[in-house]
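Chains as they are written, first to last, in our numbering: chain A, 805 to 1027; chain B, 5 to 223. Don't be surprised by glycine CBs; every beta carbon is placed ideally from N, CA and C. Please read all numbers here as calculations on a predicted model, not as lab measurements. Encoded as structure tokens, the structure appears first; notes follow it.
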């Protein structure tokens, strides 16, 4: 069987891929930001909390980490509204899902970061009379951030790739755009030849950018 | 409440074959990728340049693309490459290729974590490269390899849920089919989540146990 590659259709509908890619990045950024807030709050609660708090946080983390993200996407989009009698649009639902998912992974990252803070730094904070809140904001947070930056970058790339699952609930991101072109032009081979490298290159560029940012932040002592 | 309970229990037989498919897909992927990945890992750590470069490219490409896109790409590119596979073998191939890339990195990390002195010692007593690998590096690297590898098995189980998107009836698609008939998404999805949770939580607990067990390994 002879198959002639024809990329014309891909270029014709190229905007679906570009806008899809932009939406993928946007979804990843929003989710990682919300995920960071959830992760940091829970990590602080975990390190300072009692047994019940720890049990609750561990349950959340273990539940999310041990079920497939695809299932979580369906659960949030179809499952929860069916019980509550409300609905939200696919994009909001996916951001909620990915934030919950990111939060569960980032709790562990931040917890490890908080544990790795030298005891002396916290004692020094106490010695100069900082309140627990001031110690958290001015001592623990900046030191922790420096420790977890590389893991944060890795998590972000990972989340960027996970946004491909938004296509299953018809969020028009990159994978959805690719599938749309495939269904409408039947050019399945060409569309995946173009889409896969788009993820690869974008992920790589983001990684390089974040590495440079990390170094700049640490060199200029901004964290 | 008891209605909901009996309803949920009543759907179990329909999920059963899906669960078996999930376990089958995961098992095939995990076993094949463990063997191939171990060889790739040795290649990445000790291979000559002509072997290391292609393995590095393979691993970086597959780890840089979302699994869903890997599955779709291989699913549609295989016939183009002249290989006509049924959907199940095609996704098994895609999942295994993806998993192999990850396992090869775990194996490479485990091998490279073995102190250089160990290998020098092996050289000093006149072991060949092959003997050093089998008697010195592997027994120690295995302890570093096992905990993260078992933990990564949970990723294979979770990743297997994506086969539902090309129409293979695994636990994910089976639960959606039940939902399609009963219009009860929440209990069924929670039931499926519970099943995935039991499988993966046991695996990750085992991984943590082993990690603690092997923590005595020192440089």
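{"Asked": "Close beta carbons around residue 82 (chain B), own chain, < 8 angstroms, minus the five adjacent residues each side", "Found": "88, 89, 94 and 97"}
{"Asked": "Members of the region 83 to 94 of chain B near chain A, C-beta cut-off 7 angstroms", "Found": "84"}
{"Asked": "Neighbour flag for residue 204 (chain B) against chain A, beta carbons, 8 angstroms", "Found": "yes"}
{"Asked": "Any C-beta of chain B under 8 angstroms from that of residue 832 (chain A)", "Found": "no"}
{"Asked": "Simplified DSSP assignment, three categories, for residue 892 (chain A)", "Found": "coil"}
{"Asked": "C-alpha distance - residue 171 (chain B) paired with residue 59 (chain B), whole-angstrom precision", "Found": "31 angstroms"}
{"Asked": "Continuous alpha helix (DSSP H) assignments of at least 4 residues falling wholly in the region 139 to 173 of chain B", "Found": "142 to 163"}
{"Asked": "C-alpha gap between residue 11 (chain B) and residue 900 (chain A), whole angstroms", "Found": "29 angstroms"}
{"Asked": "Residue 824 (chain A) at chain B interface by Cβ criterion, 8 angstroms", "Found": "no"}
{"Asked": "Residue of A:976, A:821 and A:943 minimising C-alpha distance to residue 928 (chain A)", "Found": "A:943"}
{"Asked": "Residue 947 (chain A) - containing alpha helix (DSSP H), residue span", "Found": "945 to 966"}
{"Asked": "Whole-number beta carbon distance between residue 15 (chain B) and residue 164 (chain B), since they are thought to touch under 8 angstroms", "Found": "Incorrect: roughly 20 angstroms between the Cβ atoms, too far for contact."}
{"Asked": "Three-way DSSP call (helix, strand, coil) for residue 886 (chain A) in this model", "Found": "helix"}
{"Asked": "With 16 other Cβ atoms within 10 Å as the buried cut-off, status of residue 988 (chain A)", "Found": "exposed"}
{"Asked": "Residues of the region 171 to 193 of chain B with Cβ closer than 7 angstroms to any Cβ of chain A, in chain order", "Found": "176, 189, 190 and 193"}
{"Asked": "Spatially closest choice to residue 209 (chain B) from B:175, B:156, B:180 and B:194, by CA coordinates", "Found": "B:156"}
{"Asked": "Closer than 7 angstroms: residue 23 (chain B) CB and nearest the ligand SAH heavy atom", "Found": "Within the structure as shown, the ligand SAH is missing, as the structure has no ligands at all."}
{"Asked": "Contact set between residue 1 (chain B) and chain A, taken where Cβ atoms lie within less than 7 angstroms", "Found": "Residue 1 (chain B) is absent from the model: chain B starts at 5 and stops at 223."}
{"Asked": "Cβ-based contacts, 9 angstroms cut-off: residues of the region 859 to 876 of chain A near chain B", "Found": "866, 867, 869, 870, 871, 872, 873, 874, 875 and 876"}
{"Asked": "Reference residue 108 (chain B); option with closest CA among B:203, B:8 and B:56", "Found": "B:56"}
{"Asked": "Residues that residue 903 (chain A) contacts on chain B, provided the C-beta gap is smaller than 8 angstroms", "Found": "Result: empty, since nearest Cβ-Cβ is about 18 angstroms, beyond 8 angstroms."}
{"Asked": "C-alpha distance - residue 223 (chain B) paired with residue 154 (chain B), whole-angstrom precision", "Found": "Unreliable positioning characterises residue 223 (chain B) in this predicted model, as indicated by a pLDDT of 49, which lies under 50. A coordinate reading is not provided."}
{"Asked": "Cα-Cα separation, residue 138 (chain B) to residue 215 (chain B)", "Found": "22 angstroms"}
{"Asked": "Residue 103 (chain B) beta carbon less than 8 angstroms from that of residue 33 (chain B)", "Found": "yes"}
{"Asked": "Separation of residue 189 (chain B) from residue 882 (chain A), as counted between CA atoms", "Found": "6 angstroms"}
{"Asked": "For residue 175 (chain B), the first and last residue of its enclosing alpha helix (DSSP H)", "Found": "175 to 186"}
{"Asked": "Any chain B beta carbon closer than 8 angstroms to residue 919 (chain A)", "Found": "no"}
{"Asked": "Closest residue to residue 894 (chain A) among A:907, A:936, A:879 and A:958 (Cα-Cα distance)", "Found": "A:879"}
{"Asked": "Chain A contact for residue 201 (chain B) (CB, 8 angstroms cutoff)", "Found": "yes"}
{"Asked": "Short Cβ contact (8 angstroms threshold) for residue 758 (chain A) with residue 948 (chain A)", "Found": "Only positions 805 to 1027 of chain A appear in this structure, which leaves residue 758 (chain A) out of reach."}
{"Asked": "Coarse secondary structure for residue 44 (chain B), derived from DSSP in three states", "Found": "helix"}
{"Asked": "Member of B:133, B:187 and B:194 whose CA lies at the smallest distance from the CA of residue 874 (chain A)", "Found": "B:194"}
{"Asked": "Selection from A:810, A:946 and A:863 that minimises the alpha carbon distance to residue 1025 (chain A)", "Found": "A:946"}
{"Asked": "Test item: CB-CB of residue 868 (chain A) and residue 200 (chain B) under 8 angstroms", "Found": "no"}
{"Asked": "Pair within 8 angstroms by beta-carbon distance, residue 1003 (chain A) and residue 123 (chain B)", "Found": "no"}
{"Asked": "Member of B:62, B:145, B:136 and B:84 whose CA lies at the smallest distance from the CA of residue 105 (chain B)", "Found": "B:62"}
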